Amino acid sequence: MQDNVRNKPEKLEQGLRGLLEMNMVSNQQRMHTEEARIEVERNRLRVEEHRLARGPLASGLRIRDFEGGSPLDYQAWQKQCQNVSRACGWMTQTTIDATLAALTGKAVRMDICVPSENPAHEAVAQATFDRRVQGDKENIREYSGALAMLWSGAYQREEEPWRLDLTMVVPDGKSRSHPPGHTSTRLIVRFITGLKEASVRLQVRNSETQGSGPIATFADAITHALTYKLNMDRVRQEEHYLRSGRAMTRPGFDQAPHPNVGKRTSSGAEPMEIGTVKKCSVHPSASHSNEECRSQQRTGTRQPRPTNRSYPHLVRCFGCGKQGHVKKDCLKEPKSVNAVDQYTQGSWLDEIEEASGDEEWCSGN
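The letter at position 85 of the sequence shown is residue 318 when you use our numbering, and the numbering goes up by one with no holes.
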């Protein structure tokens, strides 16, 4: 009993000593952890200072905003992004963040071409690419740019993996300076198939058989489509000018006016001509023709239209087989009585002879 009472203070002292030692060890571990955290933060600040020292604000370089445009504009902007990233020493993720931040306007949709490790992302992009066609209010340049961006998110990892992995060797005939999908057959075929105008689509598809060589690049397909579309629009514009009677002048081309424009004949009855369209003889300064003049239609002064009588050598009668007149003007004796009365009544023969001036021509001899 006395031994237990004597040993109790010693046990309490040992317990207190153990607690103090554990507290000291815990404090030391906490100090080591805090020192490690401070060292990590110090290293982060050092890296951030190094990045800012070589960043756009310090070097005077920055990536300009890109709102979209032609493939050449995109290629120039992409080259500038690469040069700024190389000069600033950015890592890949930093370059991607800075590039996406510079996209504005229609170019914001370009973020779909950023590679994703999720297979579902590529599956959705591939399905969208395979169904993509040119919209009703979308021109060829906008359509080609949107299609190229879709291809980057759908098939770039499959067809051009060397663009995503800088350690891979670039295959022969390809270059990193070319835009993505430059020689992709899938992209070229999808572009041609999705063109909304059938004439442009057939022209681009058959261009390799017209002496210009096969379409080997995506840029060649765009050039063929734009060239044919421009020529087709010019032809339609010229046809519209001919129908409306206006002078055929195109912006950027110096073309002398037609020699008959602004001139009148001595009698003043012959209307001036522009190409094959006769302008109104009553209103010379107007753009309409005699056929469209309402004043001539009301007053009965409308100029006569050219008929078969103006070109007798081009017509043949189906009744008697002779040239110079048509069947309704044939003077051969008709078979029906009503037709005889129709030919013998009135001054029809006199009008024919007066208009032709030659009775022999009216008979076809």
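All C-beta atoms in this analysis are idealised placements derived from N, C-alpha and C, irrespective of residue type, glycine included.
Everything numeric in this text was worked out from a predicted model, so none of it was measured.
Item                                                                                                                                                                     : Value
Could you tell me how far apart the beta carbons of SER417 and GLU392 are, in whole angstroms, since I believe they sit closer than 8 angstroms?                         : 6 angstroms
Note down, in chain order, each residue of its chain lying with its Cβ closer than 7 angstroms to the Cβ of LEU459, except the 5 sequence neighbours on either side.     : ILE373
With a cut-off of 8 angstroms on the beta carbons, I'd call GLN313 and ILE296 a contact; round off their distance for me.                                                : 7 angstroms
Just to confirm, is the Cβ distance from ALA358 to LEU383 under 9 angstroms?                                                                                             : yes
Helix, strand or coil for LEU475 per DSSP?                                                                                                                               : helix
Return yes when the C-beta of LYS565 is under 8 angstroms from any heavy atom of the ligand COA, and no when it is not.                                                  : In terms of ligand content, the structure shown is empty, and the ligand COA therefore cannot be addressed.
Would you kindly work out how many angstroms separate the C-alpha atoms of THR325 and GLN315, rounded to a whole number?                                                 : 11 angstroms
Roughly how many angstroms separate the alpha carbons of ARG263 and LYS244, rounded to a whole number?                                                                   : 29 angstroms
With THR337 and PHE362 assumed to form a contact (beta carbons below 8 angstroms), what rounded beta-carbon distance in angstroms separates them?                        : Between PHE362 and THR337 the Cβ distance is about 24 angstroms, and since that is not below 8 angstroms, they are no contact.
Report the option in VAL548, GLY378, GLU272, ALA387 whose CA atom is closest to the CA atom of LEU305.                                                                   : GLY378
In the DSSP assignment, what are the bridge partners of ARG279?                                                                                                          : Partner(s): none; ARG279 has no beta bridge.
Between the region 453-472 and the region 418-434, can you find at least three pairs of beta-carbon atoms closer than 8 angstroms?                                       : yes
Beta-carbon within less than 6 angstroms of LEU428's beta-carbon, same chain only, minus the 5 sequence neighbours each way: which residues are those?                   : GLN367, ARG434
Roughly how many angstroms lie between the CA atoms of GLU430 and VAL559, to the nearest whole one?                                                                      : 43 angstroms
Report yes if the C-beta distance between ALA454 and ILE425 is below 9 angstroms; otherwise report no.                                                                   : yes
Compare the C-alpha of SER303 against each of GLU272, ALA340, LEU252, GLU268 and name the closest.                                                                       : ALA340
Here's a check: name, in chain order, each residue in its chain whose Cβ is nearer than 6 angstroms to the Cβ of PRO413, leaving out the five neighbours to either side. : SER385, GLN389
Run through DSSP, which three-state label would GLN245 get?                                                                                                              : First, the amino acid is wrong: residue 245 is Leu here, not Gln. LEU245 falls in the helix class under three-state DSSP.
Put PHE424 into one of helix, strand or coil per three-state DSSP.                                                                                                       : helix
What are the start and end residues of the alpha helix (DSSP H) that includes TRP384?                                                                                    : 373-387
So if DSSP puts GLN556 in a beta bridge, which residue, or which two residues, is it bridged to?                                                                         : ARG549
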